[in-house]
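Okay, structure first, notes after.
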Amino acid sequence: MEKDVFKKSLLTPQETEEDTVLNVALRPSKISEFINQKEVVENIFIAIKAAKKRQEVLEHILFSGPPGLGKTTLAHIIAKETGAQITSTTGPSIERAGDLVGILTNLKQGNIFFIDEIHRLSKLVEEFLYPAMENFQIDFVIDKGPYARTIKFTLKPFVLVGATTRSGLLTGALRGRFGMHFHLDFYKPADLLLVIKRTAEILGIFIEDGAATEIAKRSRGTPRIANRLLKRVRDYAQVKFDGKITKKISEEALKMQGVDTEGLDNLDRKMLETIINIYNGGPAGIEAIAASLNEERDTLEDVVEPYLLKAGFIKRTSRGRQATDLAYKHLNISCLKSSSAQKQIFEC
Ligand code: ADP
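The numbering of the sequence shown is our numbering, which starts it at 0 and goes up by one.
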């Protein structure tokens, strides 16, 4: 079976190499430039002001939500707004507790320590972080057996900002040590429209409102995808036309990239077709669907499924994933055909 991993990269909410290059230019650096997520932004703004007034450092902050919605951006904005330095790392890259000693002891008062994918910290590293978060102290054991010695380090008060796409995987103990927890949700097309217009302005792209709306509609509620689609459409407009992006050009370009009117790509459609055609609409277990698609379960759970759920193409039941009426309609599949196979009567 043909793998769609490469094609998925256009609509994957995870950062790709292409994104990294433009990230610096496009990432909002001030709280006022950050579009949408009003409630989260306001709460952060108040927390920063209050901490400044009390001359204290901020409480540790946890951001959760799907990839590409602005968690890293917010961590950088907090650093900028508090005038602090930011040190960034990711959960899986900290292999041993010892890796953290150097980072933590070098943090200055109020510095931001950002850990992306914090749910992927090892248990040992996570436990090592607890006293650092709570009392700004760490106990580091050197040597082994009878020669083992514990060295105590007192740290400068710092702010741990954690980001996770899977907050359900965080232990209660770690979650409880964050003073603030903000969940970011998918953006509405109207907000993505603003993201696209802002990016177009920064990159000097001329785009009609109708075209920006079309891209926003197909960006799966994710600013990172909106920016990526805009760049692909710009390439198409520059190569085939004079560079100006009209609605028609955006539609053509997106169609050529396999992105349909609802922002679904081949892998999304294949997942829906598998549930409908192989499992008679479901419910079907994620392992079974992944096996039928010859895909990793994680790819489906992290990349494909969140948006299909959010957009209402599938629903999750206790027995697995089920295709909704919307999925049948979107794929133009008659539900009578699949229901007769199941010997069930249902309407859609
Ligand atoms: P995450 O850490 O949640 O995966 P990022 O913070 O890396 O997401 O955001 C991905 C990209 O999307 C950023 O580089 C930025 O250009 C854009 N972006 C995210 N949120 C916003 C926003 N609210 N306003 C404008 N651009 C945004």
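Where is the CB? At the ideal position from N, CA and C, for every residue including glycine.
Kindly indicate the opening and closing residues of the beta strand (DSSP E) around ARG320.
For ARG320, the enclosing beta strand (DSSP E) starts and ends at 319–322.
Let me check you understand the geometry: is the CB of LYS243 closer than 6 Å to at least one non-hydrogen atom of the ligand ADP?
Checking every heavy atom of the ligand ADP against the Cβ of LYS243, none is found closer than 6 Å.
Of the residues PRO222, ASP264, ALA290 and ASN22, the one placed nearest LEU307, counting alpha carbons only:
The shortest Cα separation from LEU307 among PRO222, ASP264, ALA290 and ASN22 belongs to ASP264.
Would DSSP call SER92 helix, strand or coil?
The answer is helix: DSSP assigns SER92 an H, G or I state.
I'd like the list of long-range same chain contacts for LYS6, defined as Cβ closer than 8 Å, with 5 residues on each side in sequence excluded.
Residue confidence is low: LYS6 scores 45 on pLDDT, short of 50, so the model does not pin down where it sits. Its coordinate-derived value is still stated next. Sequence-distant partners of LYS6 (beyond 5 residues in either direction) whose C-beta falls short of 8 Å from its own C-beta, in its chain, are GLY257, ASP264, ASN265 and LEU266.
Rounded to the nearest angstrom, how far is the Cβ of LEU191 from that of ALA215, given a contact under 8 Å?
Rounded to whole angstroms, the Cβ separation of LEU191 and ALA215 is 4 Å, and the two are in contact under 8 Å.
Roughly how many angstroms lie between the CA atoms of LEU271 and ALA326, to the nearest whole one?
Answer to the nearest angstrom: the Cα atoms are 7 Å apart.
Cβ of ARG42 within 6 Å of any heavy atom in the ligand ADP?
Note that residue 42 is Asn in the sequence shown here, rather than Arg. Flag unset: Cβ of ASN42 not near the ligand ADP.
Rounded to whole angstroms, what's the CA-CA distance from VAL56 to THR163? Just pull it up for me.
C-alpha of VAL56 to C-alpha of THR163: approximately 22 Å in a straight line.
Kindly list the residues whose CB is nearer than 8 Å to the CB of PHE33, restricted to its own chain and excluding five residues on each side of it in sequence; keep chain order.
Cβ neighbours of PHE33 within its own chain (closer than 8 Å, five residues either side excluded): PRO27, VAL40, GLY69, THR72, LEU73 and ILE76.
What is the rounded straight-line gap between the Cα of GLU250 and the Cα of LYS309?
Between GLU250 and LYS309, the C-alpha separation is close to 23 Å.
THR86 to SER63, Cα distance in whole Å?
Roughly 19 Å between the two C-alpha positions.
Buried or exposed: which applies to THR149, given that a residue is buried once 16 or more other Cβ atoms fall within 10 Å of its Cβ?
Label assigned to THR149: exposed.
The ligand ADP heavy atom lying under 6 Å from the CB of PRO27:
Yes, since a heavy atom of the ligand ADP falls inside the 6 Å radius drawn around the Cβ of PRO27.
Given ILE344, which residues of its chain have a CB within under 6 Å of its CB, disregarding the five upstream and five downstream residues?
Residue placement at ILE344 is flagged as unreliable, the pLDDT there being 44, under the threshold of 50; a coordinate-derived value is accordingly withheld.
Using the DSSP secondary-structure output, state which residues sit across from ARG148 in a beta bridge.
In the DSSP output, where bridge partners are listed per residue, ARG148 has ILE141.
Just the C-alpha distance for THR81 and LYS51, rounded to the nearest angstrom, thanks.
Their Cα atoms are separated by approximately 8 Å.
Looking at the structure shown, is THR15 part of a helix, part of a strand, or coil, going by DSSP?
If DSSP states are grouped into helix, strand and coil, THR15 belongs with coil.
With the cut-off set at 7 Å, would you say GLY262 and ARG217 are in Cβ contact?
It is a contact, given that the beta carbons lie within the stated cut-off.
Report yes if the C-beta of PRO305 is less than 6 Å from at least one heavy atom of the ligand ADP; otherwise report no.
No; taking the cut-off as 6 Å, the Cβ of PRO305 has no heavy atom of the ligand ADP nearer than that.
Please classify PHE240: does DSSP put it in a helix, a strand, or coil?
In the structure shown, PHE240 sits in coil (DSSP, three-state: anything other than H, G, I, E or B).
Roughly how many whole angstroms lie between the Cα atoms of LEU61 and ASP241?
Annotation: LEU61 to ASP241 spans about 45 Å, alpha carbon to alpha carbon.
State yes or no: is the C-beta of ILE316 within less than 7 Å of the C-beta of SER291?
In the sequence under discussion, the amino acid at residue 316 is Thr, which differs from the Ile named in the question. No; because the gap between Cβ atoms is not below 7 Å, this pair is not in contact.
Burial state of GLN36, where buried means 16 or more other Cβ atoms lie within 10 Å
GLN36 comes out buried.
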